[in-house]
Amino acid sequence: MKNTVSLLLALSVISSFNCTCNRYIDLSKIAIENLNERMNDSAFWNKIHSIEFLIDLGLNKEAEIILKDRISKYESEPQMRIGYWRCMALNENDTYSKDLYIKKILEVYLDSNNTDIIHAAESLAKLSFSLRTYPKTKMINVDEQNKLEAYVNWSSIYPDKYNCSIDYNSLFEILKSENLEYKQVMAYGTKYLGKISNYQWRKIMNLALTEPLESPIAVYLYSSALNSCPDQERNNKNILIIRDNLKRIAKTENIKNKYEAFVALGNFAEKDDSNFIKEELLKMQSLYFRNELNDQSNDLLSAMSFAYLKSIGFNSN
3 MKNTVSLLLA LSVISSFNCT CNRYIDLSKI AIENLNERMN DSAFWNKIHS IEFLIDLGLN
63 KEAEIILKDR ISKYESEPQM RIGYWRCMAL NENDTYSKDL YIKKILEVYL DSNNTDIIHA
123 AESLAKLSFS LRTYPKTKMI NVDEQNKLEA YVNWSSIYPD KYNCSIDYNS LFEILKSENL
183 EYKQVMAYGT KYLGKISNYQ WRKIMNLALT EPLESPIAVY LYSSALNSCP DQERNNKNIL
243 IIRDNLKRIA KTENIKNKYE AFVALGNFAE KDDSNFIKEE LLKMQSLYFR NELNDQSNDL
303 LSAMSFAYLK SIGFNSN
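Using our numbering, read the sequence shown as starting at 3 and increasing by one per residue.
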C-alpha cells in the first residue's frame with residue numbers, strides 16, 4: 003500500500019512542475035522514495051537493482067541495513083543468494099570482507115551441480131573479478147552453456163594477478179563475433195570498464211556509431227561510449243551524438259533498452275540531459291500513481307529515479 007503522504011507529495015510535485023510558478027521542485031525526495039519502495043516489489047531483481055542504485059549514490063549505510071536484515075533469508079536460495087552476495091561485496095569498503103562474498107560467488111560458479119552458475123558468472127564479471135585462470139565450468143543443462151560461456155568471456159578480459167591489463171584483443175574480437183549472445187553480453191560488459199585510454203575508447207565509440215540504433219547491442223555500446231569516455235574526450239563532437247542517440251533509445255517502447263539508456267545518461271548528464279530525465283521521470287511517476295506500471299516498468303522507474311539523482315549531483319551527505 004502506498005504511503006498517503008508520499009502520494010500527496012508526489013502529486014503536488016507533478017502538478018507544480020506543469021504550472022508557471024518559479025518554485026523550487028524537490029523531486030529528489032520522491033526519487034529516493036521510489037528506490038526504497040522497490041525493496042518490497044514482488045520481482046526479486048527489482049529489489050537488487052534498487053539496492054545497487056543506493057550503493058552507487060553513496061547511501062551505503064541505508065543499503066547495509068537492508069542487506070543485513072535480509073541476507074540470512076536468502077543464503078540458501080539459488081539466484082537470490084547471488085544477488086545479495088553481489089550487493090554485499092559492492093557495499094564493502096574492507097577488502098577482506100569484500101573478498102569473502104566474492105569467494106562465496108566463485109564457489110557457486112565452480113560447482114557444476116549448482117543451479118545458479120550463470121548468475122554467479124555474471125556477478126563475478128560485474129564485480130570485475132577475472133575468471134581468466136579458472137577452469138571453465140560446464141553446465142548440466144547444455145542449452146544454457148552458450149550463455150554461461152558469454153559471461154565467462156566477459157569476466158576473462160579482466161586482469162588477474164599474473165596479468166595486470168585488460169585483454170582488449172579478446173574484448174574487440176568478441177564484439178565482432180558472429181555469436182550474437184557472446185557479442186551482446188560483451189557489449190553489455192563494456193560499460194563496466196570505467197574510464198579507459200583514448201585509443202581504446204575511440205574503438206568502442208566507432209563501434210557504437212556504426213551500429214544500427216535498433217540493434218540489440220546498440221544501447222550497450224552507446225552506454226559504454228559514455229561511461230568509459232576519458233576526461234580528455236568529453237568535448238569530442240561525437241559525445242553529443244552519443245547522448246542524443248541514448249535519448250532517442252530512452253523514448254522507445256523497449257523497456258530494457260530504456261533502462262540502460264537512462265542509467266547511462268544519468269551518470270554523465272549535461273544540463274539538457276538532466277532536464278530530459280526529469281521530464282520523463284515525472285511522466286513515469288504519474289503512471290505509477292495511477293497504478294499503470296508492471297514489475298518491469300517499476301524497475302525502469304528505479305533506473306529513472308537513479309538517473310535523475312545522479313544528474314543533479316545528489317549527495318548522500
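C-beta atoms are modelled at their ideal positions from N, C-alpha and C, and glycine is treated no differently. Quick caveat: nothing in here was measured; it's all calculated off a predicted structure.
Tell me whether the beta-carbon of residue i lies closer than 8 Å to the beta-carbon of residue j.
{"i": "tyrosine 111", "j": "alanine 127", "result": "no"}
{"i": "isoleucine 314", "j": "serine 276", "result": "yes"}
{"i": "leucine 37", "j": "phenylalanine 270", "result": "no"}
{"i": "isoleucine 2", "j": "leucine 215", "result": "Because the chain here runs from 3 to 319, residue 2 falls outside it and cannot be looked at."}
{"i": "isoleucine 198", "j": "serine 225", "result": "no"}
{"i": "serine 30", "j": "phenylalanine 316", "result": "yes"}
{"i": "isoleucine 2", "j": "alanine 65", "result": "Outside the displayed span of the chain (3 to 319) sits residue 2, for which this structure offers no information."}
{"i": "isoleucine 176", "j": "glutamate 146", "result": "no"}
{"i": "isoleucine 159", "j": "alanine 189", "result": "no"}
{"i": "isoleucine 168", "j": "leucine 129", "result": "no"}
{"i": "arginine 204", "j": "aspartate 162", "result": "no"}
{"i": "arginine 236", "j": "leucine 267", "result": "no"}
{"i": "isoleucine 240", "j": "leucine 211", "result": "It is worth fixing the name first, because residue 240 is asparagine in this sequence and not isoleucine. In contact: asparagine 240 and leucine 211 (Cβ atoms closer than 8 Å)."}
{"i": "tyrosine 290", "j": "leucine 303", "result": "yes"}
{"i": "leucine 248", "j": "leucine 228", "result": "yes"}
{"i": "valine 322", "j": "alanine 263", "result": "There is no way to answer for residue 322, as the model of the chain reaches only from 3 to 319."}
Can you tell me the Cα-Cα spacing of residue i and residue j, whole angstroms?
{"i": "threonine 117", "j": "methionine 141", "result": "9 Å"}
{"i": "methionine 82", "j": "leucine 150", "result": "18 Å"}
{"i": "phenylalanine 139", "j": "aspartate 101", "result": "At residue 139 the sequence reads threonine, which differs from the phenylalanine that was named. Going by the C-alpha atoms only, they are around 21 Å apart."}
{"i": "glutamate 282", "j": "leucine 108", "result": "39 Å"}
{"i": "valine 154", "j": "glutamate 124", "result": "8 Å"}
{"i": "aspartate 113", "j": "aspartate 301", "result": "31 Å"}
{"i": "methionine 306", "j": "asparagine 148", "result": "32 Å"}
{"i": "leucine 209", "j": "tryptophan 87", "result": "34 Å"}
{"i": "proline 67", "j": "glutamate 213", "result": "In the sequence on display, residue 67 carries isoleucine and not proline. So the two alpha carbons sit approximately 42 Å from each other."}
{"i": "methionine 207", "j": "tryptophan 156", "result": "19 Å"}
{"i": "tyrosine 184", "j": "aspartate 28", "result": "42 Å"}
{"i": "asparagine 1", "j": "lysine 49", "result": "Any answer about residue 1 is impossible in this case: the structure gives the chain only from 3 up to 319."}
{"i": "asparagine 171", "j": "serine 179", "result": "12 Å"}
{"i": "asparagine 115", "j": "leucine 182", "result": "27 Å"}
{"i": "aspartate 43", "j": "glutamate 54", "result": "15 Å"}
{"i": "histidine 395", "j": "asparagine 143", "result": "Given that the chain is displayed from residue 3 to residue 319, the structure contains no residue 395 and the question cannot be resolved."}
{"i": "isoleucine 32", "j": "asparagine 93", "result": "23 Å"}
{"i": "cysteine 166", "j": "tyrosine 201", "result": "18 Å"}
{"i": "glutamate 35", "j": "serine 299", "result": "16 Å"}
{"i": "tyrosine 26", "j": "lysine 106", "result": "Summary for tyrosine 26: the model assigns pLDDT 42, below 50, so the residue's position carries little reliability, and this model does not support an answer."}
{"i": "glutamate 272", "j": "lysine 253", "result": "18 Å"}
{"i": "arginine 72", "j": "leucine 173", "result": "36 Å"}
{"i": "valine 187", "j": "lysine 285", "result": "31 Å"}
{"i": "leucine 9", "j": "methionine 41", "result": "Only weak support exists for where leucine 9 lies, its pLDDT of 45 falling under 50; the coordinates are left without a value."}
{"i": "proline 232", "j": "glutamate 79", "result": "40 Å"}
Classify residue i: buried if its beta carbon has 16 or more other beta carbons within 10 angstroms, exposed otherwise.
{"i": "serine 132", "result": "buried"}
{"i": "tyrosine 261", "result": "buried"}
{"i": "cysteine 89", "result": "buried"}
{"i": "glycine 85", "result": "buried"}
{"i": "glutamate 39", "result": "buried"}
{"i": "glycine 191", "result": "buried"}
{"i": "tyrosine 98", "result": "exposed"}
{"i": "arginine 292", "result": "exposed"}
{"i": "glycine 60", "result": "exposed"}
{"i": "lysine 242", "result": "Here residue 242 is leucine; the residue named in the question, lysine, does not match the sequence. Looking at its Cβ environment, which holds fewer than 16 other Cβ atoms inside 10 Å, leucine 242 is exposed."}
{"i": "lysine 70", "result": "exposed"}
{"i": "asparagine 95", "result": "exposed"}
{"i": "lysine 63", "result": "exposed"}
{"i": "lysine 75", "result": "exposed"}
{"i": "lysine 193", "result": "buried"}
{"i": "lysine 280", "result": "buried"}
Please confirm whether residue i has its beta-carbon closer than 8 Å to some beta-carbon of chain C.
{"i": "serine 217", "result": "The chain inventory of the structure shown lacks chain C, comprising one protein chain alone."}
Could you tell me the boundaries of the alpha helix (DSSP H) in which residue i lies?
{"i": "asparagine 247", "result": "239–252"}
{"i": "leucine 283", "result": "273–291"}
{"i": "threonine 139", "result": "Looking at the DSSP string, threonine 139 is not in any alpha helix (DSSP H), and its letter there is neither H nor E."}
{"i": "leucine 108", "result": "97–112"}
{"i": "glutamate 294", "result": "Segment: none, glutamate 294 is in no alpha helix (DSSP H) and carries neither H nor E."}
{"i": "alanine 123", "result": "119–128"}
{"i": "tyrosine 222", "result": "220–229"}
{"i": "asparagine 200", "result": "200–212"}
{"i": "leucine 92", "result": "82–93"}
{"i": "phenylalanine 270", "result": "From DSSP, phenylalanine 270 is part of no alpha helix (DSSP H); its letter is neither H nor E."}
{"i": "lysine 31", "result": "30–39"}
{"i": "serine 157", "result": "147–157"}
{"i": "glutamine 186", "result": "182–191"}
{"i": "arginine 2", "result": "Because the chain is modelled from 3 through 319, residue 2 falls outside the range shown and cannot be assessed."}
{"i": "asparagine 171", "result": "170–177"}
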